[in-house]
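K.L.:
Pasting in a structure now, in structure tokens, and then I'll have a few things to ask.
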Amino acid sequence: MTQVMGRTAFITGGGSGVALGQAKVFAKAGCKVAIADIRQDHLDEAMAWFEAENAKGANYEVMAVKLDITDREAYAKVADEVEAKLGPVELLFNTAGVSHFGAIQDATYDDWDWQIDVNLRGVINGVRTFVPRMIERGNGGHVVNTASMSAFVALKGTGIYCTTKMAVRGLTETLALDLEEHGIGVSLLCPGAVNTNIHEALLTRPKHLADTGYYQAGPEMFAHLKNVIECGMEPETLANHVLKAVEENQLYVLAYPEFRKPLEDIHARVMAALAKPEDDPDYDRRVAHGVPGGEAKEEEKTA
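The sequence shown begins at 1 in UniProt numbering and counts up one residue at a time.
Written out as structure tokens, the structure reads:
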């Protein structure tokens, strides 16, 4: 079990959406919370909410920091600032993400670089900034990396986004193995539809990566995208699943039962394609030598 009360949580993208839901739920659970976001207006709106709650009698300790998670030097400075004020960060939420959809063949290099920079390198930067500090202090902790159900299920038109989220899945599953000996838990959050403003992420796209092969941002497109996701789960509902996963050290946070059938179909196809031991004359030799993915037979281990 991971006790969250009294610990400091650092949440990227924390000014809105899924991440703000996490900030609200973990603050209510007794965490000191730092919300980091690239948009000052979102930070201001989030802090206004917390201040209003404190005025009603809550006792939330929350600070806001403006941060571009792709800027490694800025990340390190913000980490120092947060820990100086709130104490050592022991709960890390790499939640910030962006999306822009369209066929892979239409994507420009800028389309690729923007989503990879935020969705993948942003997670890497969070891990690299805080995990060594957690290990050095020896007090345990927990890392939550937000991917998507696109980490498991590929959909037409989501190629870049899917690529980044599948990469976050691989990073997170490996990180869990690497950090087990240090008493640091790791969770992979894979949202489906969430009632957020993720479609507005296009407003944060940097000018030097503005060349796109996809649709241009505008009121009509924003309205369409919002219509698609507004029926999704509420951010705080999803965050409560995350709280449970952190407390119980669950690797996977998969809160969407509507994905059971697609996942069952995917894994059935994978298993059907996987060679069987009886069809591979070299199988026993490789397993006996402890090849990755295999275990030597018990009699071979003790021979």
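Quick reminder that beta carbons are idealized off the backbone N, C-alpha and C, glycines included.
#1: For residue 241, count the other beta carbons within 10 Å of its own beta carbon; 16 or more makes it buried, fewer makes it exposed. Which is it?
#2: What residues are listed by DSSP as bridge partners for residue 187?
#3: According to DSSP, what are the bridge partners of residue 36?
#4: Mind listing, in chain order, the continuous alpha helix (DSSP H) runs of no fewer than 4 residues lying wholly within the stretch 175-247?
#5: Report yes or no: do the stretch 268-281 and the stretch 51-66 share at least 3 C-beta pairs separated by less than 8 Å?
#6: Does residue 231 pass the burial test, meaning 16 or more other C-beta atoms within 10 Å, or should it be called exposed?
#7: Determine whether the beta carbon atoms of residue 200 and residue 139 lie at a separation below 8 Å.
#8: Using a Cβ cut-off of 8 Å (strictly closer), state whether residue 140 contacts chain B.
#9: Measure the alpha-carbon distance for residue 253 versus residue 42 and round it to whole angstroms.
#10: Which of the three DSSP states is assigned to residue 152 in this structure?
#11: Return yes when the Cβ of residue 78 is within less than 8 Å of the Cβ of residue 142, no when it is not.
#12: Grab me the residues of residue 167's own chain with a C-beta within less than 6 Å of its C-beta, minus the 5 sequence neighbours each way, in chain order.
#13: Inspect the beta-carbon positions of residue 251 and residue 187 and report whether they are closer than 8 Å.
#14: If you reduce the DSSP assignment to three classes, tell me which class residue 4 lands in.
#15: By DSSP, does residue 101 sit in helix, in strand, or in coil?
#16: Do you know offhand how far residue 216's Cα is from residue 129's?
#17: Since residue 93 sits in a beta bridge, which residues does DSSP pair it with?
#18: Please state whether DSSP places residue 252 in a helix, a strand or coil.
#19: Is residue 172 helix, strand or coil when you go by DSSP?
#20: Tell me the rounded alpha-carbon separation between residue 195 and residue 283.
P.N.:
The answer reads as follows:
#1: Here residue 241 is taken as the residue at index 241 of the sequence shown, counted from 1. Buried, by the Cβ-count rule.
#2: Within the sequence shown, numbered from 1, the residue matching residue 187 stands at position 187. According to DSSP, residue 187 bridges with 144.
#3: Walking along the sequence shown from the start, residue 36 turns up at place 36. Residue 36 is bridged to 12 and 65.
#4: For the stretch 175-247, whole alpha helix (DSSP H) runs of length 4 or above, ordered along the chain, are 219-229.
#5: Short answer: they don't touch.
#6: Here residue 231 corresponds to residue number 231 of the sequence shown, with the count starting at 1. Counting of Cβ neighbours within 10 angstroms places residue 231 among the exposed residues, the total staying below 16.
#7: Working through the sequence shown from its first residue, we reach residue 200 at position 200. Working through the sequence shown from its first residue, we reach residue 139 at position 139. Going by C-beta atoms, residue 200 is not nearer than 8 Å to residue 139.
#8: Any reference to chain B falls outside this structure, which holds one protein chain only.
#9: Within the sequence shown, numbered from 1, the residue matching residue 253 stands at position 253. Within the sequence shown, numbered from 1, the residue matching residue 42 stands at position 42. Across the structure, residue 253 and residue 42 are spaced so that their CA atoms are roughly 26 Å apart.
#10: In the sequence shown, residue 152 corresponds to position 152, counting from 1. Residue state, collapsed to three classes: coil.
#11: On the sequence shown, position 142 is the one that residue 142 refers to. On the sequence shown, position 78 is the one that residue 78 refers to. The answer is no: Cβ separation not under 8 Å.
#12: The residue you call residue 167 lines up with position 167 of the sequence shown. Contacts found: 120.
#13: Counting from 1 along the sequence shown, the entry for residue 251 is found at position 251. Counting from 1 along the sequence shown, the entry for residue 187 is found at position 187. Residue 187 is positioned such that its CB atom lies closer than 8 Å to that of residue 251.
#14: As a position in the sequence shown, residue 4 is number 4, starting the count at 1. Reduced to three states, the DSSP call for residue 4 is coil.
#15: Residue numbering aside, residue 101 sits at position 101 when the sequence shown is read from its first letter. Of the three classes helix, strand and coil, the one that applies to residue 101 here is coil, per DSSP.
#16: Here residue 216 refers to the residue found at position 216 of the sequence shown. Here residue 129 refers to the residue found at position 129 of the sequence shown. So the two alpha carbons sit approximately 34 Å from each other.
#17: Along the sequence shown, read from residue 1 onward, the residue named residue 93 stands at position 93. Answer is 11 and 144, bridged to residue 93.
#18: Numbered from 1 along the sequence shown, position 252 holds the residue referred to as residue 252. The answer is strand: DSSP assigns residue 252 an E or B state.
#19: Position 172 of the sequence shown, counted from the start, is the residue given in the question as residue 172. Assigned with DSSP and collapsed to three states, residue 172 falls in helix.
#20: Within the sequence shown, numbered from 1, the residue matching residue 195 stands at position 195. Within the sequence shown, numbered from 1, the residue matching residue 283 stands at position 283. Between residue 195 and residue 283, the C-alpha separation is close to 49 Å.
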